[in-house]
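Scroll down for the structure; my scribbles are underneath it.
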Amino acid sequence: MKVLILGTDIEAFVCAIACFREGLDVVVINGRDPIEGTIPGVHIPPNGTYILQQLDLLDAVREKADIIESIDFRRYADGGLIRAMPCGEDVCRVYGGIWVTIHREDLLRILQDRARSLGVSIRNAVVTEMLCESAEVILDDGEHILGDVLIGADDNTPNQVTYQTTISKKHLEALNNPRIDELWQRKSVTAWLGPDQHAILYPLPHGEIFTLTIYRADSHNLPQAQTIQETCPGWDDRPNHPPRPLHHSHSNPPHEAQETALHLEDALVLSTLLGLLNLHLHLHLQTSSPSPSQPYSSQPHPSQTNHLHSSLPSLLHLYSSLRKPIADHNILSARDTQRIFQMRDGLAQRFRDWVLSGAGVTRATEIGWVRVVSARVEDRLGGGEMVVREARERFDEWRRVRLPGSVGRASCGIGGLRRRWYSGWE
Numbered sequence: 001m002k003v004l005i006l007g008t009d010i011e012a013f014v015c016a017i018a019c020f021r022e023g024l025d026v027v028v029i030n031g032r033d034p035i036e037g038t039i040p041g042v043h044i045p046p047n048g049t050y051i052l053q054q055l056d057l058l059d060a061v062r063e064k065a066d067i068i069e070s071i072d073f074r075r076y077a078d079g080g081l082i083r084a085m086p087c088g089e090d091v092c093r094v095y096g097g098i099w100v101t102i103h104r105e106d107l108l109r110i111l112q113d114r115a116r117s118l119g120v121s122i123r124n125a126v127v128t129e130m131l132c133e134s135a136e137v138i139l140d141d142g143e144h145i146l147g148d149v150l151i152g153a154d155d156n157t158p159n160q161v162t163y164q165t166t167i168s169k170k171h172l173e174a175l176n177n178p179r180i181d182e183l184w185q186r187k188s189v190t191a192w193l194g195p196d197q198h199a200i201l202y203p204l205p206h207g208e209i210f211t212l213t214i215y216r217a218d219s220h221n222l223p224q225a226q227t228i229q230e231t232c233p234g235w236d237d238r239p240n241h242p243p244r245p246l247h248h249s250h251s252n253p254p255h256e257a258q259e260t261a262l263h264l265e266d267a268l269v270l271s272t273l274l275g276l277l278n279l280h281l282h283l284h285l286q287t288s289s290p291s292p293s294q295p296y297s298s299q300p301h302p303s304q305t306n307h308l309h310s311s312l313p314s315l316l317h318l319y320s321s322l323r324k325p326i327a328d329h330n331i332l333s334a335r336d337t338q339r340i341f342q343m344r345d346g347l348a349q350r351f352r353d354w355v356l357s358g359a360g361v362t363r364a365t366e367i368g369w370v371r372v373v374s375a376r377v378e379d380r381l382g383g384g385e386m387v388v389r390e391a392r393e394r395f396d397e398w399r400r401v402r403l404p405g406s407v408g409r410a411s412c413g414i415g416g417l418r419r420r421w422y423s424g425w426e
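Its first residue numbered 1, the sequence shown is counted upward by one per residue in the UniProt record's numbering.
Written out as structure tokens, the structure is:
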């Protein structure tokens, strides 16, 4: 089975690595520039690092990443600590993975190097036309590349514009201010919660720089801002020492640190389904062949090709049924989190702060009898182990009904591993 992956960013190369490990023939066509203003930092929570471990990528990522020890919620006005939510050994023990932040360029370089070392074909070319009905692309030099599956792996439709800046550790150290030292001396994600906006500060490679991102309730028409003080008047002044210019950037989806983890889950589920189909058709061909002693050929048998093309549209619908509800739920959950973080001062805000004052990522670290936060996140953060198991179970159900499929060429394009679901099959 030949898989064509169109994309330049993390999701494209994660998908390529996962598909190659399933024994598929993979070509990445890497010819479109990533969207400008993308936030440089990447959060990978436990469900994502669990999958990195399954793909033998975690050790390389850990060399460049910061392991997050806590998530700190603070009041916007004075920076008062609402809760330092533990995020270390207990999270790893419960969910099977650590929580890390890493620079986007470092992660992308790791993925590209691993893809090349595995033997994935990477073409630096511009696609001028996609023919989803035949899983074919036409390059700018006129070359036609035909595959069995065409995957559009870059989601360049960000749904929120934010303010973003970076601050170096050297600048923070030079201030010699104990209140500011508190922010960078621990490997923490710090969230300031304020009316109609909130801000997130987190470390990048090995705490040498920090990324500050400000999310606004109305993110569609953000005015140009010169400093944090102009954007957040009356807020804790520590993020503005030293004063830094702000730039527009993009976040998609915001607030819950699940973007990269979802890409990893999507890639693993899709590659698992395609790999299982490919394996099934090989085995089916061997058992039905009149000459089982014939040496194996890397070229697909016409019967296998017919079964493959007739089965792919249904298999990709199965993939959508597995992943689209999760993506939709994540978007809604992120919007809810944004509203919670950006409450205006009042009774609801005081109740939120009371709940967060005992919040924990795991039940063991949550204080008091109310387990609101851990109950909300435990299925998601612990989902890494479940995604492949569910994919295999659903494939077995699908296989009993659908395979072997009817013969005949059917199209098989799928685009947007998480957000944009277009079907190019009939």
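No residue lacks a Cβ here, since even glycine has one placed at the ideal position from N, Cα and C.
- Here Gln338 carries a helix assignment [DSSP, helix/strand/coil].
- Per DSSP, the unbroken beta strand (DSSP E) holding Met85 starts and ends at Leu81 to Pro86.
- Nearest C-alpha to Gly31 among Ile44, Arg116, Asn330 and Thr8: Thr8.
- Proximity to Leu316 across Val28, Glu143, Leu108 and Ile151 peaks at Ile151, based on C-alpha coordinates.
- A Cβ-Cβ contact shorter than 8 Å links Tyr50 with Glu385.
- Three or more beta-carbon pairs separated by less than 8 Å link the stretch 105-120 to the stretch 58-66, which places the two stretches in contact.
- The alpha-carbon separation between Thr165 and Asp218 amounts to approximately 19 Å.
- Contact between the stretch 14-29 and the stretch 257-276 is present: three or more C-beta pairs spanning the two stretches fall below 8 Å.
- Positions of the beta strand (DSSP E) runs, each at least 3 residues long and wholly inside the stretch 135-180, are given as 136-139, 144-146, 149-152 and 160-168 in order along the chain.
- Pairing Thr162 with Thr213 gives a Cβ-Cβ distance under 8 Å.
- Per DSSP, Tyr76 lies in no beta strand (DSSP E) and is assigned neither H nor E.
- Going by C-alpha positions, Asn177 is about 38 Å away from Arg380.
- Residue pairing of Gln197 in beta bridges, as defined by DSSP: Gly194 and Arg216.
- A direct Cα-to-Cα measurement between Ile102 and Pro86 gives close to 19 Å.
- With fewer than 16 neighbouring CB atoms inside 10 Å of its own CB, Gly234 falls in the exposed class.
- When the five nearest sequence neighbours on each side are left out, the beta carbons in the same chain lying within less than 8 Å of the beta carbon of Asp196 are those of Arg216, Ala217, Asp218, Gln342 and Arg344, in order along the chain.
- In its chain, beyond the 5 residues on either side, Asp72 and Arg74 have a beta carbon closer than 7 Å to the beta carbon of Leu81.
- For Gly41, the pairing in a beta bridge is given by DSSP as His103.
- The way I'd put it, the stretch 93-102 does touch the stretch 41-56; three or more beta-carbon pairs between them come closer than 8 Å.
- If you check the CB distance, Leu332 and Ser311 do not come in under 8 Å.
- Ranked by how close their Cα comes to the Cα of Gly194, the residues Ile167, Glu208, Thr211 and Asp236 have Asp236 in first place.
- From the listed residues Trp354, Phe351 and Glu378, the smallest Cα separation to Ala364 is found for Glu378.
- DSSP lists no beta-bridge partner residue for Thr49.
- Here Val120 carries a coil assignment [DSSP, helix/strand/coil].
- If you keep only unbroken alpha helix (DSSP H) runs of at least 4 residues inside the stretch 316-401, you get 347-356 and 372-381.
- An exposed status is given to Phe351, since fewer than 16 other beta-carbon atoms sit within 10 Å of its beta-carbon.
- Met130 and Gly383 have their C-alpha atoms roughly 34 Å apart.
- Taking C-beta atoms under 8 Å as the contact rule, Leu6 and Val126 fail to qualify, at a distance of about 10 Å.
- By the neighbour-count criterion, in which 16 or more other beta carbons inside 10 Å mark a residue as buried, Asn124 falls on the exposed side.
- For Val14, the secondary structure class from DSSP, reduced to helix, strand or coil, is helix.
- According to the DSSP assignment, Lys2 belongs to the beta strand (DSSP E) that extends over Lys2 to Leu6.
- Less than 8 Å separates the beta-carbon of Leu4 from that of Ile145.
- At a Cβ-Cβ threshold of 8 Å, Val370 and Gly358 count as neighbours.
- Nearest to Val27 by alpha-carbon distance, out of Gln53, Pro325, Ala135 and Val91, is Ala135.
- In the three-state scheme derived from DSSP, where H, G and I count as helix and E and B as strand, Pro233 is classed as coil.
- Counting along the chain, the unbroken alpha helix (DSSP H) around Leu58 starts and ends at Leu58 to Lys64.
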